[in-house]
Amino acid sequence: APAPVITIDGPTASGKGTIAQKVAQALGWHVLDSGALYRLTALAVLREGGDGADEAQAARLARSLDIRFEPDAILMGGEDVSALIRQEEVGNLASRVAAWPAVREALLACQRAFRQAPGLVGDGRDMGTVVFPDAPLKIFLDADVEVRAQRRYKQLKDKGFSANLDDLLQDLRARDARDRGRAHAPLVAAADAVTVDSSHQGIDDVVRQVLDLWSARG
Ligand code: C5P
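Residues 1458 to 1675, numbered by the numbering used here, are exactly what the sequence shown covers, in order.
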């Protein structure tokens, strides 16, 4: 049988990444930050002077990504780009290139290769619907957009980036609309996903909830 997967999908800044890491750590499993692949593609597009409007260019760059995930870094062509790809500019462009079917197709095999024993926690938008439709546990992690903007604001400030709360709120709304509204692999809860709302609970409470759901599967 293939290794088990827990999928965690949800909108931008819902806490998916942190929760996926903590759940993976608790179980001793691998983790896939699928958004990073779209961000890396976006960065590659930016560096070629593109704006994401050219599907063929974005797909070519997605296919030829030379990346390595390390515990504390993401390397592209040997360069640590982990801080760069977190910038809002890159995130916004990522959601544009992610709308192209050829880009999504190009990244599919790479994502599925992360599924290895003893298990995988994958976070993104379409982990439960498209990439790992047979995952035995699917979480849809939601949170109010204002709460998510606040969290993203704090995250950016903590990392020393400048940020404006109103701009972030607008960006999040635009990104959510684009991710939910696109024709291919839109952000939507899988029919068999458990929806968890993190607006009014801390990271550790959500992590415990996910772990409880996993052990309750029996
Ligand atoms: O999760 P993160 O903010 O890093 O993702 C960046 C963008 O990549 C998202 O806004 C979304 O458009 C895209 N994405 C996607 N499918 C995934 C993960 C991310 O379309 N599985």
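No residue lacks a Cβ here, since even glycine has one placed at the ideal position from N, Cα and C.
Residue i beta carbon near ligand 1 (any heavy atom closer than 7 angstroms)
i	result
residue 1581	yes
residue 1495	yes
residue 1475	no
residue 1584	yes
residue 1464	no
residue 1551	yes
residue 1632	yes
Neighbour-count burial assignment, residue i, 16 or more Cβ in a 10 Å radius
i	result
residue 1461	buried
residue 1652	exposed
residue 1466	buried
residue 1531	buried
residue 1476	buried
residue 1468	buried
Closest Cα partner of residue i within the set the options
i	options	result
residue 1637	1553, 1539, 1522, 1498	1553
residue 1642	1599, 1559, 1573, 1621	1559
residue 1596	1500, 1577, 1635, 1646	1646
residue 1500	1513, 1489, 1567, 1518	1518
residue 1474	1483, 1486, 1491	1491
Integer Cβ distance of residue i from residue j, believed to fall under 8 angstroms
i	j	result
residue 1470	residue 1608	6 angstroms
residue 1594	residue 1671	6 angstroms
residue 1629	residue 1606	5 angstroms
residue 1503	residue 1538	Going by Cβ atoms, the distance from residue 1503 to residue 1538 rounds to 11 angstroms, so no, they are not a contact pair.
residue 1568	residue 1489	6 angstroms
Boundaries of the alpha helix (DSSP H) in which residue i is found, first to last residue
i	result
residue 1484	1473–1484
residue 1525	Counting along the chain, residue 1525 falls outside any alpha helix (DSSP H), though it belongs to the beta strand (DSSP E) covering 1524–1527.
Residue range of the beta strand (DSSP E) that includes residue i
i	result
residue 1466	1462–1466
residue 1595	1594–1599
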